[in-house]
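Below: one structure, written as C-alpha cells.
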Amino acid sequence: MKGKEWYQADDVAEEYDAKRFSRGGRLIDRREKQAVLDAVGPVEDRSVLEIACGTGRFTVMLAERGANIVGLDISDAMLTQGREKARQAGVDDRVEFMRGDAARLPFPDDHFDTVVAMRFFHLAPTPRKFMAEMARVSKEQVFFDTFNDFSTRVLYNRLLPMGSHLYGRDEVEDLLHSADLELADAEHDFVLPYGFYRKIPDAMAGQFRKLDTAIGSSSLGEKLCSVSWWNAQVG
Numbered sequence: 001m002k003g004k005e006w007y008q009a010d011d012v013a014e015e016y017d018a019k020r021f022s023r024g025g026r027l028i029d030r031r032e033k034q035a036v037l038d039a040v041g042p043v044e045d046r047s048v049l050e051i052a053c054g055t056g057r058f059t060v061m062l063a064e065r066g067a068n069i070v071g072l073d074i075s076d077a078m079l080t081q082g083r084e085k086a087r088q089a090g091v092d093d094r095v096e097f098m099r100g101d102a103a104r105l106p107f108p109d110d111h112f113d114t115v116v117a118m119r120f121f122h123l124a125p126t127p128r129k130f131m132a133e134m135a136r137v138s139k140e141q142v143f144f145d146t147f148n149d150f151s152t153r154v155l156y157n158r159l160l161p162m163g164s165h166l167y168g169r170d171e172v173e174d175l176l177h178s179a180d181l182e183l184a185d186a187e188h189d190f191v192l193p194y195g196f197y198r199k200i201p202d203a204m205a206g207q208f209r210k211l212d213t214a215i216g217s218s219s220l221g222e223k224l225c226s227v228s229w230w231n232a233q234v235g
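Numbering-wise (our numbering), the sequence shown opens with residue 1 and increments by one.
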C-alpha cells in the first residue's frame, strides 16, 4: 500500500501518534511544534488553515494559542482523532475539521492569514498544484516542511510505505516562484533522521540530539540535514 491509500487506512490513524511521537519521537514532536510557533508568531484571533492536519497536533496547539483554525485532511479517520483532541483540550469552538482535497481548496482567495502544511509535501503527488492552492487562499504567509534529497533519509526512504518524495533547495525555490511566493526564511535540522529517534528511548534521544545539533551547526550541517522548514510570504 502506497501514498494516499496507506495514509487513509483506519489502523494508520489509530496508531499514528503512538508510533511516531512516543519514545524518542517526543523530541521530534517538540521540535516541530517549536518550528511552527517560531514561524507563525502570535496567532491570537488570526485565521489559519492547516493542510493535511492529520490527528490535529498543530491544529490544536494553534487553537490553544487563540487562532481561529481550520484543519483539512483527506482521511476521515485522522479527522476523528483531531476532533477528539480538540474536545479534550477545550478548543473545539476555535477549530473546524474538514475533509477535503488540498489540490482544490474549498475557500475563496485570500481567505486565511496563514496557511501551514506539515508532513505533507513528501506525500504530495502534484506539489506545484498544491503550492498554488495554498498561496491562493493565503493573504500573508505559507509555511511548510520538506524532507531533503541530500541527507541520511535517502538510506531508507525507499523502504517506507508512503513512498516519500525528497526535495532539494532548487526544487523548493522553483515551487515557491511558480506560486508567486517569496522565501522569507528557512531552517534546516535533524542530521539524524526521524526514523532513528523513534527507535530509541526519550532519555537517550536527548544525548543523540546534542551530537545532531553540533553537526547541524557546522559548515556541512545544512546540506546533511534531513528536514527543512520554509517560511514564505505571499507576493
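We treat Cβ as the ideally placed atom computed from N, Cα and C, and that holds for glycine.
Quiz prompt | Option nearest Glu182 by Cα separation, candidates Ala135, Tyr197, Asp149 and Met98 | solution = As a first step, residue 182 is located in the sequence shown; it is residue number 182 there, counting from the start. Of Ala135, Tyr197, Asp149 and Met98, the residue nearest in Cα terms is Ala135.
Quiz prompt | Asp212 (DSSP reduced to helix, strand or coil) | solution = Looking up residue 212 in the sequence shown gives position 212. Residue state, collapsed to three classes: helix.
Quiz prompt | Asp29 - DSSP class collapsed to helix/strand/coil | solution = As a first step, residue 29 is located in the sequence shown; it is residue number 29 there, counting from the start. Note: Asp29 maps to helix in three-state DSSP.
Quiz prompt | Residues near Ala205 in its chain [Cβ-Cβ closer than 6 Å; skip 5 each side] | solution = Position 205 of the sequence shown, counting from 1, holds the residue named residue 205. Excluding residues within five positions, the ones whose Cβ falls inside 6 Å are Gly24, Leu27 and Tyr197.
Quiz item: Residue ranges of each beta strand (DSSP E) run of no fewer than 3 residues wholly in the stretch 53-135, ordered along the chain?
Solution: 68-73, 95-99 and 112-117
Quiz item: Cβ of Ala63 within 9 Å of Cβ of Ala89?
Solution: For this step, residue 63 is matched to residue 63 along the sequence shown. For this step, residue 89 is matched to residue 89 along the sequence shown. Cβ distance < 9 Å, so Ala63 and Ala89 count as in contact.
Quiz item: Touch check for the stretch 78-93 and the stretch 209-221: three-plus C-beta pairs under 8 Å?
Solution: no
Self-check item: Given Ile74 as reference, the closest of Glu171, Ala102, Leu192 and Asp109 once Cα atoms are compared
Solution: On the sequence shown, position 74 is the one that residue 74 refers to. Nearest option by C-alpha distance: Ala102.
Quiz item: With C-beta atoms as the reference, is Leu49 less than 9 Å away from Val91?
Solution: Against the sequence shown, residue 49 aligns to sequence position 49. Against the sequence shown, residue 91 aligns to sequence position 91. In this structure, Val91 does not lie closer than 9 Å to Leu49 by Cβ.
Quiz item: What does a CB cutoff of less than 8 Å around Lys33 pick up in its chain, not counting 5 residues either side in sequence?
Solution: Counted from its first residue, the sequence shown places residue 33 at position 33. Excluding positions up to five away in sequence, the list reads Arg57, Phe58 and Met61.
Quiz item: With distances taken from CA atoms, which of Lys139, Asp189, Ser164 and Phe190 is nearest Val234?
Solution: As a working mapping, residue 234 is identified with position 234 in the sequence shown. Of the listed residues, the one whose Cα sits closest to Val234 is Lys139.
Self-check item: Top-ranked residue by Cα proximity to Met273, from Ile69, Arg31, His188 and Thr55
Solution: Missing from the structure shown is residue 273; the chain here goes from 1 to 235 and no further.
Practice problem: Throw me the rounded Cβ distance for the Leu175 and Met131 pair, which I believe falls under 8 Å. | Solution: Position 175 of the sequence shown, counting from 1, holds the residue named residue 175. Position 131 of the sequence shown, counting from 1, holds the residue named residue 131. Confirmed, about 5 Å.
Self-check item: Opposing strand residues paired with Thr146 [DSSP bridges]
Solution: For the purposes of this step, residue 146 is taken as residue 146 along the sequence shown, with counting starting at 1. Looking at the DSSP assignment, Thr146 forms a beta bridge with Ser228.
Quiz item: DSSP on Glu171, reduced to helix/strand/coil?
Solution: In the sequence shown, residue 171 corresponds to position 171, counting from 1. If DSSP states are grouped into helix, strand and coil, Glu171 belongs with the helices.
Quiz item: Leaving out the 5 sequence neighbours to the left and right, which residues in its chain are closer than 6 Å to Glu96 when beta-carbon positions are compared?
Solution: Reading the sequence shown from its first residue, position 96 is the one you call residue 96. Correct list, in chain order: Val70.
Self-check item: Delimiting residues of the alpha helix (DSSP H) encompassing Arg198
Solution: Along the sequence shown, one-based indexing puts residue 198 at 198. Run containing Arg198: Tyr194 to Arg198, per the alpha helix (DSSP H) assignment.
Exercise. Kindly indicate which residue of Ile200, Arg169, Phe120 and Phe107 has the alpha-carbon position closest to the one of Ile51.
Key: Position 51 of the sequence shown, counted from the first residue, corresponds to residue 51. Of the candidates Ile200, Arg169, Phe120 and Phe107, the one whose C-alpha sits nearest the C-alpha of Ile51 is Phe120.
Quiz prompt | Other residues of its chain near Val137: CB distance less than 8 Å, five sequence neighbours each side excluded | solution = Along the sequence shown, one-based indexing puts residue 137 at 137. These residues qualify, in order along the chain: Leu49, Leu105, Phe107, Pro108, Asp109, Asp110, His111, Phe112 and Val115.
Quiz item: In terms of residue numbering, what span does the beta strand (DSSP E) encompassing Ala186 cover?
Solution: For this step, residue 186 is matched to residue 186 along the sequence shown. Per DSSP, Ala186 belongs to the beta strand (DSSP E) from Leu181 to Asp189.
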